[in-house]
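As you go down the protein sequences, you meet chains V and R in turn. Positions 24 to 523 (this note's numbering) are the ones given, in order, by the first sequence. Positions 15 to 341 (this note's numbering) are the ones given, in order, by the second sequence. We treat Cβ as the ideally placed atom computed from N, Cα and C, and that holds for glycine. Keep in mind it's a predicted model, so treat the numbers as computed, not measured.
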Amino acid sequence: MDSLIPALENHLPILQVIVPLLIAPFCMILGSRRLARGIMVLTAGIMLAITLGLASLTLQQPVITYDLGGWAAPWGIEYRVDMLTVFILFTINLVHMLASVFCLGRQDGNLGTAARPAFYTAWLLCIAGLNGMVVTNDAFNVFVFLEISSLATYTLISCGREPLALLSAFRYLVAGAVGATFILLSIGLLYMQTGTLNISDLSRVIAERGSDRTIILALAFFIIGVGVKCAVFPLHDWLPNAYRFAPDSVTVLLSGTATKVALYVLIRFLHDLFGADFGFAEMPLDMVLVVTAIFGLLLVPFIALRESNLKRMFAWSSVAQVSYIVMGIGLGTRLGIEAALLHLFNHAIVKTAIFMAVGIIIARTGTARIRHLGGMAHRHRFASCIMLFGGLSLIGLPGTVGFVSKWVLVTAVVDKGWWWLAIPILAGSLASAAYVWRIVEIMWTKPAVLKPEAPAARLHWVEWLPLSVLAGLALWFGLNASLITGLASSAALGLLNPGG
Amino acid sequence: MINVVADVGLLCLLLTVALAIVCTRSPLSLVLLSGIYSIALCTLFVILDAVDVAFTEAAVGAGISAILFFAVIRPEDEPVTAFSWPSSRAILLGLGVGVLLLAGTLDMPMYGDHLAPAHQHLALRFLGQSFEEIGIPNVVTSVLASYRGYDTLGEVVVIFTAGVAVLILQPDNKKGPAKPGDRDRFAPELMGNPVLKTVLLRMIPLVVLFGLYVQFHGDYGPGGGFQAGVILGAGVITYGLLSSATRLKRIISDKWVTLGMALGVLVYGLVGVAGLFLGANFLDYSVLGPTQTAGQHLGILLIELGVGLTVSCTMVSLYYCFKQGES
Numbered sequence: 024m025d026s027l028i029p030a031l032e033n034h035l036p037i038l039q040v041i042v043p044l045l046i047a048p049f050c051m052i053l054g055s056r057r058l059a060r061g062i063m064v065l066t067a068g069i070m071l072a073i074t075l076g077l078a079s080l081t082l083q084q085p086v087i088t089y090d091l092g093g094w095a096a097p098w099g100i101e102y103r104v105d106m107l108t109v110f111i112l113f114t115i116n117l118v119h120m121l122a123s124v125f126c127l128g129r130q131d132g133n134l135g136t137a138a139r140p141a142f143y144t145a146w147l148l149c150i151a152g153l154n155g156m157v158v159t160n161d162a163f164n165v166f167v168f169l170e171i172s173s174l175a176t177y178t179l180i181s182c183g184r185e186p187l188a189l190l191s192a193f194r195y196l197v198a199g200a201v202g203a204t205f206i207l208l209s210i211g212l213l214y215m216q217t218g219t220l221n222i223s224d225l226s227r228v229i230a231e232r233g234s235d236r237t238i239i240l241a242l243a244f245f246i247i248g249v250g251v252k253c254a255v256f257p258l259h260d261w262l263p264n265a266y267r268f269a270p271d272s273v274t275v276l277l278s279g280t281a282t283k284v285a286l287y288v289l290i291r292f293l294h295d296l297f298g299a300d301f302g303f304a305e306m307p308l309d310m311v312l313v314v315t316a317i318f319g320l321l322l323v324p325f326i327a328l329r330e331s332n333l334k335r336m337f338a339w340s341s342v343a344q345v346s347y348i349v350m351g352i353g354l355g356t357r358l359g360i361e362a363a364l365l366h367l368f369n370h371a372i373v374k375t376a377i378f379m380a381v382g383i384i385i386a387r388t389g390t391a392r393i394r395h396l397g398g399m400a401h402r403h404r405f406a407s408c409i410m411l412f413g414g415l416s417l418i419g420l421p422g423t424v425g426f427v428s429k430w431v432l433v434t435a436v437v438d439k440g441w442w443w444l445a446i447p448i449l450a451g452s453l454a455s456a457a458y459v460w461r462i463v464e465i466m467w468t469k470p471a472v473l474k475p476e477a478p479a480a481r482l483h484w485v486e487w488l489p490l491s492v493l494a495g496l497a498l499w500f501g502l503n504a505s506l507i508t509g510l511a512s513s514a515a516l517g518l519l520n521p522g523g
Numbered sequence: 015m016i017n018v019v020a021d022v023g024l025l026c027l028l029l030t031v032a033l034a035i036v037c038t039r040s041p042l043s044l045v046l047l048s049g050i051y052s053i054a055l056c057t058l059f060v061i062l063d064a065v066d067v068a069f070t071e072a073a074v075g076a077g078i079s080a081i082l083f084f085a086v087i088r089p090e091d092e093p094v095t096a097f098s099w100p101s102s103r104a105i106l107l108g109l110g111v112g113v114l115l116l117a118g119t120l121d122m123p124m125y126g127d128h129l130a131p132a133h134q135h136l137a138l139r140f141l142g143q144s145f146e147e148i149g150i151p152n153v154v155t156s157v158l159a160s161y162r163g164y165d166t167l168g169e170v171v172v173i174f175t176a177g178v179a180v181l182i183l184q185p186d187n188k189k190g191p192a193k194p195g196d197r198d199r200f201a202p203e204l205m206g207n208p209v210l211k212t213v214l215l216r217m218i219p220l221v222v223l224f225g226l227y228v229q230f231h232g233d234y235g236p237g238g239g240f241q242a243g244v245i246l247g248a249g250v251i252t253y254g255l256l257s258s259a260t261r262l263k264r265i266i267s268d269k270w271v272t273l274g275m276a277l278g279v280l281v282y283g284l285v286g287v288a289g290l291f292l293g294a295n296f297l298d299y300s301v302l303g304p305t306q307t308a309g310q311h312l313g314i315l316l317i318e319l320g321v322g323l324t325v326s327c328t329m330v331s332l333y334y335c336f337k338q339g340e341s
């Protein structure tokens, strides 16, 4: 056993992905729903432990690489773990852990008996694909794992109770397939011009050759393709209905992981593959990203304000929040990336908590229509308070995590000399205050519309435990921001200066 | 010269068929046109010397996917007007992306240029050293199964995920198993045709034999688990078409098919994990045998078996799911 543990340490990067990837078909063979659920939570715990192990390793050694199949880097596929990787891995695996506990208390959507273990298989495949996209340092491998996670995601969304779940999953499938095609074309064009697929090697060859029209096209196609996956403002059309009709536990999982990983891939490719000089100095990528972000964060809150469905309203809010992250990425500076990472983490925690609370309220009241929720805050105090707390963080009120990341973002735009960007950031926050206030007004002050359900169903531990953990984390990071700010800052520094 | 004529002719055919696919409103023509597109593409792959890709395109694109489409489209869905132009927005978007792609081609290396970057960097080692390092003559198999074996594992998982997705989506058939004698909606008389039936039934063993050949000969000639899996799957599905899905299920039950799907992925993954236990990295086959090449041989043989199992079982499972939907 002693000899196995140091050996295990070297294999942590690959274990992060193959543990869920190989447990998924195993769940399928077992064919028992109860067993599959237990295994899912256990796997989530193991994955979080592996991430923590990787985190402690990166403290000693800034970059860990792993050659798959024993073939050295540009010839074989390479895994590469640095501070940024660990930051994202921690975010998604924490959310996954809590989401899978939350999932225990949910019905598995609209599924026949035979399909129930398959739901957990798809769940594990989804998270395995997302982890694979984060750890890899190979452009084509990113695409392969993107396909795994996307296919699994469409499946999970289609398990929703309402018939429209199928349609929204299908629409997401079409949008996602178009996005993936653009990413594949981009990788193909890059291979044509460089003859390699390893991200570090690609960046070296591109720097040596200089850019040409084909590489510019590859950059453009990549931005469009990954933009669909991130739900960047004009390419967001799939997201609101996908989140609205997906089973509650799936919405919780996706809101904290799927778009976040796509945003990570955007950061990784822009800085490590194409290079900041090419994207931000040669090409006007900063303008493109910042302008789309401004439109997103100003327009989307007004759509959310007119939304009649609670779940879809918060889905719209996710589109708006992605815009803040894209703005941070678009600045291209160290502070900008730090702001983007902080907002990514904060939004993952807060939105996961909000969707859990929404799921609990919808399950108890049987409706998601906002005007039917009058007075519900008094009947479901805990969930409503968490939702309010999350809403305040979306606005960015001082004392919440949302304030911390918006503050860093404002610092970043001033630092870049684009101080006027602070105006849309503030205006966007005010607009989000409007839709949060609307919910507060209805749920706290309006009289009850629905008759109270017979006995108020008590919260099960699988419901209150993950919610409390997320709320506690959000509270802690909001009051004591130095830890998470430090992590984001060193991750951004590691990305921009890989040497030191 | 003949190559140029064939290339240009096939590409024009692809373009025409693609335009026809965009404009047609009839599901039946859509499926048939997609089949023609696949066959044309498959021929192009053969000209490009990518015979293994051509195998897959022919079996999946022209074969199995058409069968699955036939299982879900209905004659009553055929529209009165079979042709309409796409919306002007779609035309503009398509033209825009097309112009961008054309602009991107301006700096691309010439077709067939041996100095193109794609032939100068990684390919040199793959072509020059793979025989010493892996010991099999087919460089494509070396790259797919060993140098980039992890991507191939990922692709197998993609296919497995697709199979799981269709299993989840299939309607829970409460009316019991499909009625015996279920036939394809569009071609009942075709499948009842004694000539067709006699000829096809005689061909199934040959198709299966060819599938096995492609599976085990992948180290030497074009082929491997993916191609063998789709060919085997197509053979089995043909039997289902000729008799009925119900009779096929009596021979290969859907439980076994689902099991095979998952088992193939596990075989592939566990070969990789075996490397971990023998002190090497994940998917390093060199430690599996006494010498490096012997280990690589064994590893590639095993993972190709896993690929073939998952792919063939997924194809059959898709067919079962689609047949269950109709009753």
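Given a cut-off of 8 Å, decide if residue j and residue i are closer than it, judged by their beta-carbon atoms.
{"i": "V/V433", "j": "V/A445", "result": "yes"}
{"i": "V/A467", "j": "V/A400", "result": "According to the sequence displayed, residue 467 of chain V carries Trp and not Ala. Yes. Within cutoff."}
{"i": "R/S326", "j": "R/L246", "result": "yes"}
{"i": "V/V323", "j": "V/F368", "result": "no"}
{"i": "V/N264", "j": "V/S331", "result": "no"}
{"i": "V/V273", "j": "V/I180", "result": "yes"}
{"i": "V/G351", "j": "V/A362", "result": "yes"}
{"i": "V/L518", "j": "V/L107", "result": "yes"}
{"i": "R/V180", "j": "R/C335", "result": "yes"}
{"i": "R/T328", "j": "R/I78", "result": "no"}
Can you tell me whether DSSP reads residue i as helix, strand or coil?
{"i": "V/D90", "result": "strand"}
{"i": "R/F97", "result": "strand"}
{"i": "R/T38", "result": "strand"}
{"i": "R/Y234", "result": "coil"}
{"i": "R/Y125", "result": "coil"}
{"i": "V/R481", "result": "coil"}
{"i": "R/N295", "result": "coil"}
{"i": "R/P194", "result": "Low per-residue confidence applies at R/P194: pLDDT is 42, beneath 50, and the placement is therefore not dependable, though the value from the model is reported in the following sentence. Of the three classes helix, strand and coil, the one that applies to R/P194 here is coil, per DSSP."}
{"i": "V/N221", "result": "strand"}
{"i": "V/K252", "result": "helix"}
{"i": "V/E526", "result": "In this structure chain V extends from 24 to 523, so residue 526 of chain V is not present and cannot be described."}
{"i": "R/R88", "result": "coil"}
{"i": "R/R162", "result": "coil"}
Report all residues from its chain with a CB closer than 6 Å to the CB of residue i; omit the five preceding and five following residues, and keep chain order.
{"i": "V/L354", "result": "A435, K439"}
{"i": "V/Q344", "result": "H370"}
{"i": "V/K252", "result": "G202, A285"}
{"i": "R/I53", "result": "A76"}
{"i": "V/R56", "result": "R139, P140"}
{"i": "R/I182", "result": "none"}
{"i": "V/S22", "result": "A query on residue 22 of chain V cannot be resolved here, the shown segment of chain V reaching from 24 to 523 and no further."}
Just to confirm my understanding: we take residue i, look at its own chain, exclude 5 residues before and 5 after, and list those with CB closer than 7 Å. What are they?
{"i": "R/T307", "result": "I148, G149"}
{"i": "V/L147", "result": "P43, I46, A47, C50, M63, T66"}
{"i": "R/L27", "result": "A54"}
{"i": "V/A494", "result": "A376, I409, F412"}
Return the chain-ordered list of same chain residues with a C-beta closer than 8 Å to the C-beta of residue i, the five sequence neighbours on each side being excluded.
{"i": "R/A68", "result": "C56, T57, F59, V60"}
Completely contained alpha helix (DSSP H) runs for the region 126-210 of chain V, where each covers 4 or more residues: 139-158, 162-181
Interface positions of the region 123-142 of chain R facing chain V (Cβ-Cβ less than 8 Å), listed along the chain: P123, A130, P131, A132, H133, Q134, H135, L136, A137, R139, F140
Every unbroken alpha helix (DSSP H) inside the region 313-358 of chain V [4 residues or more]: 333-354
Residues from the region 103-121 of chain R in contact with chain V, defined by Cβ distance under 8 Å: L114, L115, A117, G118, T119, L120, D121
Near-chain R residues of the region 216-235 of chain V (beta-carbon distance less than 7 Å), N- to C-terminal order: Q216, T217, G218, T219, D235
Interface positions of the region 82-97 of chain V facing chain R (Cβ-Cβ less than 8 Å), listed along the chain: Y89, D90, L91, G92, G93, W94, P97
Chain V contacts made by the region 52-77 of chain R, where a contact means CB separation under 9 Å: none
Residue ranges of each alpha helix (DSSP H) within the region 25-86 of chain V, 4 or longer: 27-33, 35-53, 56-83
Residues of the region 302-314 of chain R with Cβ closer than 7 Å to any Cβ of chain V, in chain order: none
Within 7 Å of chain V by C-beta, residues of the region 157-178 of chain R in sequence order: S160, Y161, R162, G163, Y164, D165, G168, E169, V171, V172, F174, T175, A176, V178
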